[in-house]
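Reading through the structure tokens given below for one structure.
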Amino acid sequence: MANYKTDLSCQSKFIPVDFSVQIVPGTFEYALAHIIDNYLDFSGFDVWFNNDKGGAAAYAPAVMLKIILMLLEKVIPVSPAI
């Protein structure tokens with residue numbers, strides 16, 4: 002069984018930002034979070050993590066995918082000439 006860190010998207014411990022309140026329907030971030038949370042199955046990654054009896058908890062693949070895709074959307078500019 003995989004031991005993932007808990008998803009603290011609604012926390013305000015270190016950064017006073019509640020992700021679920023910050024994303025607005027109709028934005029890329031909202032659509033990305035909705036698709037990843039409701040339509041993608043990440044159960045295939047569970048066999049790779051054998052840390053339920055010891056070791057540090059891993060970040061959930063869904064959280065990592067959200068971070069990577071949101072960063073790519075912000076960093077890679079889209080040319081208006083295309």
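The sequence shown begins at 2 in the numbering used here and counts up one residue at a time.
Glycine is no exception: its CB is placed at the ideal position from the N, C-alpha and C atoms.
From a predicted model like this one, the values you see are computed outputs, not experimental measurements.
Cβ-Cβ separation, residue j to residue i (assumed contact under 8 Å), whole Å
i: residue 52; j: residue 58; result: 7 Å
Endpoints, the alpha helix (DSSP H) within which residue i is located
i: residue 20; result: 20-23
i: residue 3; result: Element bounds for residue 3: n/a, residue is neither H nor E.
i: residue 29; result: 29-39
i: residue 1; result: Summary: the structure shown does not reach residue 1, with the chain confined to residues 2 through 83, and so no result is reported for it.
Beta-carbon spacing of residue i, residue j below 8 Å
i: residue 33; j: residue 71; result: yes
i: residue 50; j: residue 63; result: no
i: residue 24; j: residue 31; result: yes
i: residue 1; j: residue 74; result: Shown here, the chain extends from 2 to 83; a query on residue 1 therefore has no answer.
Exposure of residue i, with buried meaning 16 or more beta-carbon neighbours within 10 Å
i: residue 67; result: buried
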